[in-house]
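In our numbering, the protein residues as written are 677 to 968.
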């Protein structure tokens, strides 16, 4: 059975349909661009606010660190002076805490759900811990150094084969200034896991000097002369008193030692004077002078 073809629509109806289709298309595009424009404007506003929060965070971090340093300045040491080491450490900790809080606020402003971020970080805690184990160990070591206080800011210390004056104790590193003017940044983890020699803690130090003279020369005479030299030097402490002793004898040399206690501030000058005196006396006896 043949199908009948529907009669064509009148020209006026066809024009109305085309006009409606064109209107719908234009309206749809307009609404689409309106939606895009609204989203872009919202993102621009959020981005601007996030930048302001970030700038405020860094400003607040500096301000908070300064406030913490000032507050810790009221904490006095046993000698009545402010504890610079505690000031430096607490100021550093305050700065990093404020920065972390500010970064979380920036993520929230940009639409990132912090709960999701924390969940991801929690799931990846093992990997993050392994990746940051060096940094985390430095933080833990910094806390331990602050608690046990093997040194303070201003102390002359030897760590990792380097001798220098402690300038700052930070959350991650300790800054030293060596005696020849070099700046050394030592990780707290490396310092805490190694030997620490503090040359400043004790109020007095002992000078130890070993010297050699010929085996046939008079070691007793040299030792007696050194006792007289040390007795005349008022910088040498009487309690404990100086010691001049014979250490050994072989076919090559006789070995003697001079040991004297001095105040910390006099150590360098007195040691130099003792070295020169021992050198003069031992060489006069056919020796080679101080060896240690």
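Where a beta carbon is used, it is the ideal one built from N, C-alpha and C, also for glycine.
Treat the numbers as computed from the prediction; the structure is a model and nothing was measured.
Task: CB contact flag (residue 975, residue 935, <7 Å) - done: As displayed, the chain neither begins before 677 nor continues past 968, which places residue 975 out of reach and without an answer.
TODO: Check whether the Cβ of residue 856 sits closer than 6 Å to any heavy atom of the ligand MN, and report yes or no.
DONE: Within the structure as shown, the ligand MN is missing, as the structure has no ligands at all.
Open item on the list: Under 8 Å, with one C-beta from each stretch per pair, do the segment 909 to 920 and the segment 854 to 868 reach the 3-pair mark?
Closed with: As far as the Cβ criterion goes, the segment 909 to 920 does not touch the segment 854 to 868, which means the pair count is below three.
Open item on the list: Quick check on the DSSP output: the alpha helix (DSSP H) that includes residue 904 runs from which residue to which?
Closed with: As a first step, residue 904 must be located in the chain shown, where it is residue number 228. Looking at the DSSP string, the run of the alpha helix (DSSP H) that includes residue 904 is 895 to 908.
Task: Burial state of residue 861, where buried means 16 or more other Cβ atoms lie within 10 Å - done: By one-based count along the chain shown, residue 861 stands at place 185. Exposed.
Task: Cβ-Cβ distance between residue 895 and residue 933 below 7 Å - done: Residue numbering aside, residue 895 sits at position 219 when the chain shown is read from its first letter. Residue numbering aside, residue 933 sits at position 257 when the chain shown is read from its first letter. Inclusion of residue 895 and residue 933 in the CB contact set at 7 Å is not warranted, their separation being larger than that value.
Open item on the list: Tell me the DSSP secondary structure of residue 865 in three-state form.
Closed with: Within the chain shown, the letter at position 189 stands for residue 865. Reduced to three states, the DSSP call for residue 865 is helix.
TODO: Spell out a yes or no on whether the segment 775 to 790 and the segment 812 to 829 are touching, meaning 3 or more CB-CB pairs, one atom from each, closer than 8 Å.
DONE: By the C-beta criterion, the segment 775 to 790 is judged not to be in contact with the segment 812 to 829, since fewer than 3 inter-stretch pairs fall below 8 Å.
Task: Closest residue to residue 927 among 736, 771, 890 (Cα-Cα distance) - done: To locate residue 927, count along the chain shown from 1; it is residue 251. When each option's Cα is compared against that of residue 927, the closest is 890.
Task: Test item: CB-CB of residue 774 and residue 740 under 7 Å - done: As a working note, residue 774 is residue 98 in the chain shown. As a working note, residue 740 is residue 64 in the chain shown. It is a contact, given that the beta carbons lie within the stated cut-off.
Open item on the list: By DSSP's criteria, residue 933 is part of a beta bridge. Which residues make up the other side?
Closed with: Against the chain shown, residue 933 aligns to sequence position 257. Listed as beta-bridge partners of residue 933 by DSSP are 886, 921.
- [ ] Pick helix, strand or coil for residue 840, following the three-state DSSP scheme.
- [x] The count along the chain shown starts at 1 and reaches residue 840 at position 164. The answer is strand: DSSP assigns residue 840 an E or B state.
- [ ] Work out the CA separation of residue 874 and residue 828 for me, nearest whole Å.
- [x] Here residue 828 is taken as the residue at index 152 of the chain shown, counted from 1. Here residue 874 is taken as the residue at index 198 of the chain shown, counted from 1. Distance between the alpha carbons of residue 828 and residue 874 is about 9 Å.
- [ ] Take residue 902 and list the residues in its own chain whose beta-carbon comes closer than 7 Å to its own, dropping the five residues that flank it on each side.
- [x] Position 226 of the chain shown, counted from the first residue, corresponds to residue 902. Contacts found: 920, 934, 953, 954, 957.
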